[in-house]
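Right, one structure below, let's go through it.
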Amino acid sequence: MVVGDIATGTDVLVVGAGPGGYVAAIRAAQKGLDTTLVEKDAYGGTCLNYGCIPSKALITGANLAHEAGHAEEMGIHADPAVDLSAMVDWKDGVVDQLTGGVEKLCKANGVNLVEGEARFADEHKVRVAHGGEGQGSESIEFEHCIVSTGSRPIQIPGFEFADDPIHDSRELLAMDSVPDRLLVVGAGYIGMELSTTYAKLGSDVTVVEMLDDVLPGYEDDVARIVRKRAEELGIDFHFGEGASEWQNGPDGGVVVTTETEDGEESTYPADEVLVAVGRQPVTDTLDLDAAGIETTEQGFIDTDDRARTEQDHIFAVGDVAGEPMLAHTASKEGIVAAEVIAGEPAALDYQAIPAAVFTDPEIGTVGMTESEAEEAGFEPTVGQMPFRASGRALTTNHAEGFVRIVADEPSGFVLGAQIVGPEASELIAEIALAIEMGATLEDVASTIHTHPTLAEAVMEAAENAMGQAIHTLNR
Amino acid sequence: MVVGDIATGTDVLVVGAGPGGYVAAIRAAQKGLDTTLVEKDAYGGTCLNYGCIPSKALITGANLAHEAGHAEEMGIHADPAVDLSAMVDWKDGVVDQLTGGVEKLCKANGVNLVEGEARFADEHKVRVAHGGEGQGSESIEFEHCIVSTGSRPIQIPGFEFADDPIHDSRELLAMDSVPDRLLVVGAGYIGMELSTTYAKLGSDVTVVEMLDDVLPGYEDDVARIVRKRAEELGIDFHFGEGASEWQNGPDGGVVVTTETEDGEESTYPADEVLVAVGRQPVTDTLDLDAAGIETTEQGFIDTDDRARTEQDHIFAVGDVAGEPMLAHTASKEGIVAAEVIAGEPAALDYQAIPAAVFTDPEIGTVGMTESEAEEAGFEPTVGQMPFRASGRALTTNHAEGFVRIVADEPSGFVLGAQIVGPEASELIAEIALAIEMGATLEDVASTIHTHPTLAEAVMEAAENAMGQAIHTLNR
Amino acid sequence: DEAETPSGRVFAPPNVRRLARELGVDIASVDGSGPSGRITEGDVRTAAEADESDTAETADDAPEPRSVSVGDGESSVSKRTTDGETATTVESAARDRTLAAPATRRVAEE
Ligand SMILES: Cc1cc2nc3c(=O)[nH]c(=O)nc-3n(C[C@H](O)[C@H](O)[C@H](O)COP(=O)(O)OP(=O)(O)OC[C@H]3O[C@@H](n4cnc5c(N)ncnc54)[C@H](O)[C@@H]3O)c2cc1C
Ligand SMILES: Cc1cc2nc3c(=O)[nH]c(=O)nc-3n(C[C@H](O)[C@H](O)[C@H](O)COP(=O)(O)OP(=O)(O)OC[C@H]3O[C@@H](n4cnc5c(N)ncnc54)[C@H](O)[C@@H]3O)c2cc1C
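Residue numbers (my numbering), protein chains in the order written: chain A, 1 to 475; chain B, 1001 to 1475; chain C, 2001 to 2110.
Below, the structure written as structure tokens:
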């Protein structure tokens, strides 16, 4: 059936069904607003289909296979064989379950779902082009719009994702078999998560990074623990080098050339290449000027603390709205946008955004580092608990890393935390709540923590900052 | 060298170096008090040597071996062989590291360590009998005393731990090899943790329990998930039966007879028998009457909210002070006792004690259940999030269970939570903090939680209680 | 609009409960100004001042002085006492940072 250009109207039009958009749409519908969600590709967006979820699934699989194969110390002898295409099938099953769930939840909450690609026609109208069989297009008029079209990987000159051996993260999460030699360009969190995964699955991994350490933006002692472990896993790092070109190699693979700032060249053979140097907002395909919205030089949409763009009735949430480009920020912004449209006193007034990196070990951070706290005018005091002093960490056979908590000395208010170690992604949740609640070190230290758990290390770090830790020597 | 009966004096005498005693001693010393800690067996007490730590270490090993052997679905093919005595050696290494740490921390904080068994001579004096080579004894006079002598397993008539095939949990954590057939008497948390462990290591496990379900004290829907999984692992449950006697069996093992309330008998063959029917306080070997202290009928010492006994200068902490008999309660009581002795305004004024059971899946609970909240006069509202709707849970391939949060409807104050599922022991920490802080559902729901994490399910449960969950349908 | 809290349960963070003991305030009788009546540091200090101007009597929850020879002769109680400023804003911060819980901020917003 060919659908002609019919025009419909809606209170709230949401463009893009990633964690920003689908959450915004559900909340808007929950608030009684007539809501329409347009998605051109797959419900759940990058996060559920090609990002957070697939990467974490493969990390689980790689960890299990690797750990079981390296547990002689614990009396476990195994030599696991990994069938990557079966692992990817399992991962796809997880993704399907979640994206199916998103679709069902949208419908159950009364969100109208439209498949197609939206472009602004004017300040109150989009045209949606339907792909595939049905073809055609439709116009949708809206009172309010939430733009949540996400981001795509940045390409570097000479490395086209269209070329066979050159991959973005999405392709690397859907491989048939484990490459013998993997070259990774970029040691940010996506590059590091995937190099660790493939190193554990058995690839020889080489990482080239322009800067001088892994995970730029993280403190030295945090990044160092992850880099050391990656090196133990056999990952070969080359810092201060940018990938400049690639050629077919003599042995069927490719040879990648890198260049330092001074123009020094090196070459690395590989079978597959992952380029993970960052992501850019998807705003250039939206005809945003028709809606009267400008973007920044990098293509981001500026928003205020209600997630509003320069057009009062148009909101932007998620990766298009700038850093931090994280799924949970997208969702939070989506919720705020929906509630603001519903007339509620919602605002992006959070104190801290937690973030996690699922490397080995994991990283979890929230709020301020010590030096950020100082810059902000606090008098920071810091407490630390190494996991090697944690009973629970030792019993899990993962005792690398530490919990560090940052607080304001005079008031005791908790300002931030950096955790690197087992389950760091989960442990950070307690400190995020502490920060939001305006909790003091004493509050965290006085709260009884279950023994034996990793979370005790959070309590212990707070006690350490107060000079009264039991399981570490106080400074 | 034979030490005669010399008398020394101390501000604070701590009897027993478990998590109650050693923590109390360290804190007392930190407060500048002259502190002496007497231990007759091993630093760290039951918890580090024979309880929490060893059990969690073996659970880690059993989980890894079992998971790796059952991951075909994820594309992992392995057939792990377990050398239990090597696993136990690894566990012993973990224990040594921790108990060595406790000894060092005591010394570093200036605690005087005395090895031997203490008995009260009068209200201000103990006699310490030195075991082993040195023999002899000494008297120690004290201003204040903290009794933290812990607990021991209860024996049942006819089942002597001295008999070869009859074991307490301590012995079961130090086996040379995996028994073919293990019979477990008692389906409390220790019985369930160990049956699950041995089932995963390959034993045929039979559990007999007097009551009609596993884990008495936990809500039905929580216990059911753990029982179902245990049954999947091949554990054979017999409820409503008490073990009455055992005999040598024809095949070299034993035959255990059980009896129902109505006198119906059954017999079960086994190679090894674990009796885990509860623990009783170690107070009968202390000559407490010489100190003017009576115990309850079950041998516990009554204390007030400062951990004080009927003698103002004598405190009792940990398992001797009654339920809940948990390591972290012991430590908290130890800290309060030490601070009260130091003249500080400390008190056992916590609102909630979290607890965990390290079964498959784990259980974590804190504060009130819905019915407890009702009994206490609140108007409870409940929110729930099943882990099968959690992206992170699905990516870990462990999506059984749920997070349930209990709050007071009119005020929104969080009152409790029951979590059964992956990392439940860790996730409960955030809700413990929420309860202590007087947080409302809105506070928990508004705190940004990292994606993808299990902790998001806590936020989602709070949203569900508020009728605005995104990833579950609201009731 | 606050209902009586059942079973004498107090909704106040640990540091506020400790402060109440330190100042000899019976926290169960303090009116909370936070969301749903949560008790803040400021509420306890106000109650303490009111107590003081009332009578010099201390609540029965007050810590008893104990006859111990503490190392430095001074308990850490006095060291821990903070100045009288309220807990909601940290003035030392150059940044305008509100240290109030989400529910508190929403109430303010409304
Ligand atoms: C490998 C990888 C791992 C990651 N891991 C994590 C992690 O662990 N934690 C984390 O927080 N973040 C992670 N991220 C980042 C996370 O995926 C993004 O921050 C998040 O997806 C942003 O959500 P969004 O809703 O803004 O956009 P997206 O998820 O990108 O969704 C945008 C949607 O809009 C659709 N769309 C675009 N244009 C149109 C149009 N014109 N019409 C209709 N539909 C349109 C797209 O098809 C897409 O479905 C990861 C990313 C990658 C690539
Ligand atoms: C298998 C098992 C698993 C467990 N798992 C957990 C768990 O996961 N989490 C949890 O919270 N709890 C757990 N527990 C319970 C936990 O071990 C106890 O609650 C905790 O050890 C109590 O601490 P305590 O300091 O009171 O006593 P104990 O740890 O029992 O220490 C008492 C110490 O006093 C010494 N002593 C006794 N009498 C004298 C004397 N007269 N003179 C000198 N020394 C003396 C003993 O030798 C011992 O070292 C577990 C227990 C077992 C058995």
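Cβ coordinates follow ideal geometry from the N, Cα and C atoms, glycine included.
Of all alpha-carbon atoms in B:Val-1114, B:Val-1128 and B:Gly-1322, the one lying nearest the alpha-carbon of Phe-1120 (chain B) is that of B:Val-1128. The secondary-structure analysis by DSSP pairs Pro-422 (chain A) with nothing; it has no beta-bridge partner. Short of 8 Å from the beta carbon of Glu-1193 (chain B), and not among the five residues preceding or following it, lie these beta carbons of its own chain, in chain order: Ser-1055, Ile-1059, Val-1357, Phe-1358 and Thr-1359. By the C-beta density criterion, Lys-1228 (chain B) is exposed, having fewer than 16 other C-beta atoms within 10 angstroms. With 16 or more other CB atoms across the displayed protein chains lying within 10 angstroms of its CB, Pro-1179 (chain B) is buried. Residues of the segment 433-464 of chain A with a C-beta less than 7 Å from any C-beta of chain C: Glu-436, Met-437, Gly-438, Ala-439, Thr-440, Glu-442, Asp-443, Ser-446 and Thr-447, listed in chain order.
Around the C-beta of Thr-267 (chain A), fewer than 16 other C-beta atoms lie within 10 Å, and the residue is accordingly described as exposed.
Under DSSP, Ile-146 (chain A) forms a beta bridge with A:Val-14 and A:Phe-315.
Per DSSP, reduced to three states, the secondary structure at Glu-117 (chain A) is strand. Residue contact check for Val-2010 (chain C) against chain B: a CB pair falls below 9 Å. For Ala-1462 (chain B), the uninterrupted alpha helix (DSSP H) segment begins and ends at 1456-1465.
Cα atoms of Ile-470 (chain A) and Thr-447 (chain A): separation of roughly 15 Å, rounded to the nearest angstrom. Annotation: Gln-1135 (chain B) is outside any alpha helix (DSSP H) and is labelled neither H nor E by DSSP. Around the CB of Lys-107 (chain A), fewer than 16 other CB atoms lie within 10 Å, so the residue is classed as exposed. Cβ-Cβ separation between Ala-1174 (chain B) and Leu-1215 (chain B): approximately 25 Å, too far for a contact (criterion under 8 Å). Nearest to Leu-348 (chain A) by alpha-carbon distance, out of A:Glu-362, A:Val-317 and A:Ala-276, is A:Val-317. Within the same chain, and ignoring the five residues on either side of Tyr-50 (chain A) in sequence, the residues whose Cβ sits closer than 8 Å to its Cβ are Ser-169, Arg-170 and Leu-173. The Cβ-Cβ distance between Gly-1383 (chain B) and Asn-1464 (chain B) falls below 9 Å. Residue side-chain check: Phe-1402 (chain B) keeps its Cβ at 8 Å or more from all non-hydrogen atoms of ligand 2. Distance check between Arg-1404 (chain B) and each of B:Asn-1397, B:Thr-1396, B:Thr-1365 and B:Asp-1251 places B:Thr-1365 closest, using alpha-carbon atoms only. For His-398 (chain A), no beta strand (DSSP E) run applies, since DSSP gives it neither H nor E.
Partner residues in the beta bridge of Thr-1008 (chain B), as assigned by DSSP, are B:Ile-1140. For Gln-1280 (chain B), no Cβ of chain C is located within less than 9 Å of the residue's own Cβ.
In the three-state scheme derived from DSSP, where H, G and I count as helix and E and B as strand, His-328 (chain A) is classed as helix. Shown here, Leu-33 (chain A) sits in coil according to DSSP, grouped into three states, outside any helix or strand. Taking C-beta separations shorter than 6 Å and ignoring five residues to either side along the sequence, the partners of Ala-68 (chain A) in its chain run Ala-78 and Pro-80, following chain order.
Cβ contact annotation for Gly-1249 (chain B) (same chain, cutoff 6 Å, sequence separation greater than five): Val-1255 and Pro-1269, in chain order.
Counting C-beta pairs closer than 8 Å gives three or more between the segment 1410-1425 of chain B and the segment 1369-1386 of chain B, which meets the contact rule. By the neighbour-count definition (other C-beta atoms within 10 Å, threshold 16), Phe-161 (chain A) is an exposed residue. Cβ neighbours of Gln-1351 (chain B) within its own chain (closer than 6 Å, five residues either side excluded): Ile-1435 and Glu-1436.
A straight line joining the alpha-carbon of Pro-1157 (chain B) with that of Ala-1407 (chain B) spans about 44 Å.
The Cβ atoms of Thr-1099 (chain B) and Gly-1136 (chain B) lie no closer than 9 Å to each other. Selection B:Phe-1237, B:His-1328, B:His-1070 and B:Gly-1061 evaluated against Asp-1092 (chain B) yields B:Gly-1061 as nearest (Cα-Cα). For Glu-1241 (chain B), same chain residues with a beta-carbon under 6 Å away, outside a window of 5 residues either side, are Val-1208, Thr-1258 and Thr-1260 in chain order. The shortest C-alpha to C-alpha distance from Gln-1155 (chain B) to any of B:Phe-1237, B:Glu-1245 and B:His-1130 is the one to B:Glu-1245.
Nearest to Ile-314 (chain A) by C-alpha distance, out of A:His-124, A:Phe-378, A:Gly-202 and A:Gly-217, is A:His-124.
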